[in-house]
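Here the protein sequences line up with chains F and E, keeping their order.
Numbered per full-length UniProt numbering, the first sequence spans residues 1 to 300.
Numbered per full-length UniProt numbering, the second sequence spans residues 1 to 505.
Worksheet for the structure shown next.
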Amino acid sequence: MTQLDTQDPILAEITGPTPGQMLRKRVFGHQGLMIGLVVLVILTLVAIFAPLLAPHDPYAQSLMTRMEPPVFLGGDWEHPLGTDHLGRDYLSRLIYGARVSLMIGVIAALISGVIGTAMGVAAGYFGGRVDMVVTFLINVRLAMPVVLVALAVVAILGGSLQVVIVVLGLLLWDRFAVVMRASTLQVRGREYVAAARAIGASTPRVILSEIMPNIANNLIVVVTLEMAHAILLEAALSFLGLGVQPPTPSWGLMVSEGKNMMLFEPWMVLIPGAVLFVLVLAINLMGDGLRDVTAPENRS
Amino acid sequence: MKQSSLRHAIAGLAIVAASGAAYADKANDTLRVAFTKELENVDSYFNSSREGVVLQRAVWDGLIYRDPATNEYKGNLATSWEWIDDLTLEFKLREGVTFHNGEPFNADDVVYTVDFVAKEESGVKTQRNVNWMKSAEKIDEYTVRIHLKDKFPAAIEFLSGPVSMYPNEYYAEAGPSGMGLEPVGTGPYKVVSVTPGQHFVLEKNENYHDSPKGQPEIANVDIRTIPDVNTQMAALFSGSLDLIWQVPADQAEKLAEMDQFTVSNESTMRVGYLSMDAAGRSGDTPFTDVRVRQAVNHAINRQELVDALLKGESKVVWTPCFPSQFGCEQDAAAQYEYDPEKAKALLAEAGYPDGFKTEFYAYRNREYAEAILSYLNAVGIESDFKFLQYSALRELNMTGDVPLAFLTWGSFSINDASAMVSQFFKHGSLDDARDDQVLADLEVADSATDPEVRKEHYAKAIERITEQAYWAPMFSYNTNYVSTNEVEYTPTADEVLRFTTMEWK
């Protein structure tokens, strides 16, 4: 790359904005991306600082004050979002639940990202037999319904945070593999890859410093999508009683616990449901935005 | 004109729709009820669910009837009975009774039914209900003797409960599966149609004999299986059900606030308890130490559980049996008041000053289990919570792999302590205590014919079990019955829905 002195006003006038400036402009100009990013950052901070923010111990049970309504339905400020079926503070459980959801989303997406990217890049770069094997594995994986497999494994091993993370991590790599394989195929034939090979760069070096940086934008988009996917799956598994086990607070579990009182106390389902919706929406908005911002057709 | 005719058409449609929705109710003399669980077979010897008991009491009769209000035994298909010796019971049968298919009831039916169910090869689902009988013998057309395998003082109670009489000719031909599809009995209600597991239609038996059950009032009963409580309540709101039962306490409380429904609550014989692996069958567990087991007993606030979660007619229970059961001597039981500090001290004394971690199993009432869990956490017992299906947990229990579990037992509504305490403490596969002293006392109590001797030995067994804290008995259950205001029904304490005693207001 050519080094340009961006501080020089004359030069800047001649060459126009640098790629970095253009990127920044696109990022900050993209409404969806900004909304998603802000919400996600707030929720992440809430999750990290949960012990400081939560007004009560999320595990402290008080059977004599069960199912108190939230403030906006006539409750008091002692429990701003009311209490659950065992008298535990709803707001505190929501705050701690953010930790569970985000942790599962991030770690499951990381595990499946590593597996899927390794497989996809290897298939795309080497082609031939390697490609055939990987394509076969992807097909096998796509033929299995994720929820059903997760249900079966969790039913056998018993539900816990670790089991759910590992199971989801090992199941959600298919999209990574498909997208990475296709992107690698596109990039593999480019001149700079051929040039790197011609000057004698080793295969790992070609993959890591020539191919990976050029397909990273696709990777980021898939990571966000799979994070949202993992968070929703965790909620679904916990709702079915096969995910995170009580007393650990999880949003899916909270929806499931509130379900029995849905006809009379709908807020017990609506509050965790709404938070889950906001988190998943934020992640998807961010993923969408990142794709728009980094997609080649936007680079005028 | 055009517009008004359109309006009439719409009004007409609305009327048709409305009358269609209300196709059955008080006006049609049809009571619509929901079952929560799918009933596997209507034949009462081949199911083990509460729903099965409900149909059994409606369709069939036993030789004896126990009045649920007074606990007094009355003759039903038998008019009198006497013990010939410790192993023989003689019955005089009621004359002039006919089955729903017209077959007359006589000694042959009793002999056939008893001989069939007592045989282990017949595969009756709950063997304990029938395996105390050896055979039956016909003396004359209306006199019959039942021979017992061993001394069994609770025989009368069992004959008034799960043992009902089947028509010999029909049953020989149809068998359990035929009986399940087209049930035939002598009971107050005839079965009109059965869609297995889903839909049961009953009709009043106009020729019902002069039974202590009373004569049925409501002409038709229409039962549907609706597994989800919320759906049942929605159906009740929309007027397509008249009665639901086993409604959880929180929902029942809300329904009681609404004017159009009547909620009644009655105790059941089900007792909830914690079982601990005192014999160390699941490996090296802290529960082999009596101080740890006593600590668990002290850690639980039973009164708070009853007041806040179970509500209704539920009571704190200290005995490993239901208080109304014969031989369930309340004074014999050691009581452990709620005292978390004492629990911590006991744990420290046992060598666990910082508590310990254990697996904790449960199969029903997840919220009760969570509340119990939270009490245990408070004194330092951390747990790995596992919520399983009943059959899966029972299997684990039998192989002795469960250190700590929240379990319940309903005793099949049999009002005798042998149905609970002897079920679990006689070194069977479900026994995690394996106490020889308890076994010896129960052997005597189960087979003695003198009621006083039985009471004395049950008391001794209960004293030993509670002092050693093999279990932490906690509470009895209750059931909520919710009906529209048109239905008049007083529930009984044995969790059996009796259509015969229901009427329209």
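C-beta atoms are modelled at their ideal positions from N, C-alpha and C, and glycine is treated no differently.
The DSSP assignment places complete beta strand (DSSP E) segments of no fewer than 3 residues inside the stretch 67-114 of chain E at 73-75, 78-85, 88-93, in order along the chain. At a cut-off of 9 Å between C-beta atoms, E:Leu274 does not count as an interface residue with respect to chain F. Taking C-beta atoms as the reference points, E:Glu266 and E:Asn478 count as a pair closer than 9 Å. In the DSSP assignment, F:Arg26 forms no beta bridge with any residue. Using a Cβ distance threshold of 9 Å, E:Val379 and E:Leu347 count as a contacting pair. For the stretch 58-71 of chain F, the residues whose beta carbon sits under 8 Å from a beta carbon of chain E are, in order, Tyr59, Gln61, Leu63, Met64, Arg66, Met67. From the beta-carbon of F:Gly243, no residue of chain E is found nearer than 8 Å; the closest lies around 11 Å away.
Within the stretch 305-326 of chain E, the residues whose Cβ lies closer than 8 Å to any Cβ of chain F are, in chain order, Leu305, Asp307, Ala308, Leu309.
Counting along the chain, F:Gly36 sits inside the alpha helix (DSSP H) bounded by residues 31-48. One alpha carbon belongs to E:Ala445, the other to E:Arg50, and they sit about 28 Å apart.
Listed along the chain, the chain F residues whose CB falls inside 8 Å of the CB of E:Leu373 are Pro246, Pro247.
Note that the stretch 265-275 of chain F does not touch the stretch 195-211 of chain F; fewer than 3 beta-carbon pairs, one per stretch, sit closer than 8 Å.
For E:Pro473, the beta-bridge partners assigned by DSSP are E:Tyr273. The secondary-structure analysis by DSSP pairs E:Ile146 across a beta bridge with E:Leu89, E:Ala136.
Boundaries of the beta strand (DSSP E) around E:Ser193: 189-195.
Non-local beta-carbon contacts of E:Lys74 in its own chain, meaning distances under 8 Å to residues more than five positions away in sequence, involve Ile64, Tyr65, Arg66, Asp67, Pro212 in chain order. Ranked by Cα distance from F:Ile95, the options F:Val46, F:Thr83, F:Trp77 are led by F:Val46. Not a single CB atom of chain F sits nearer than 9 Å to the CB of E:Arg302.
Apart from sequence neighbours up to five positions away, the residues of its chain that approach F:Trp77 with a beta-carbon distance below 8 Å are Val71, ordered along the chain. Within the same chain, and ignoring the five residues on either side of F:Asp131 in sequence, the residues whose Cβ sits closer than 8 Å to its Cβ are Ala123, Gly124, Arg181. If you look at E:Val453, you'll find it in the alpha helix (DSSP H) that goes 451-467. For E:Asp331, the closest Cβ of chain F is not nearer than 9 Å. When secondary structure is reduced to three states using DSSP, E:Lys254 falls in the helix class. E:Ala256 is outside the set of residues whose beta carbon lies under 9 Å from a beta carbon in chain F. For E:Met233, the residues of chain F that pass the 7 Å Cβ criterion are Leu263, in the order they occur in the chain. Residue pairing for E:Lys357: DSSP places it in a beta bridge opposite E:Glu382. Proximity of E:Glu217 to chain F, defined by a Cβ-Cβ separation below 9 Å, is not satisfied. Contact fails between the stretch 164-176 of chain E and the stretch 193-207 of chain E, because fewer than three Cβ pairs, one in each stretch, are under 8 Å apart.
Membership of E:Ala172 in the alpha helix (DSSP H) is indicated by the continuous run 168-181. Close to F:Gly82, with beta-carbon spacing below 7 Å, lies no residue of chain E; the smallest spacing is near 14 Å. Residues of the stretch 152-178 of chain F that bring their beta carbon within less than 7 Å of a beta carbon in chain E comprise Gly158, in sequence order. Taking 9 Å as the cut-off, the Cβ atoms of E:Asn230 and F:Leu73 do not count as close. When C-beta atoms of the stretch 300-308 of chain E are compared with those of the stretch 55-70 of chain F, three or more pairs fall below 8 Å, so the two segments count as touching. Closer than 9 Å to the CB of F:Gly273 there is not a single CB belonging to chain E. By the Cβ rule, the stretch 220-234 of chain F does not count as touching the stretch 183-197 of chain F, because fewer than three pairs are nearer than 8 Å.
Minimum Cα-Cα distance from E:Leu93 among the listed residues E:Asp109, E:Pro216, E:Thr126 corresponds to E:Asp109.
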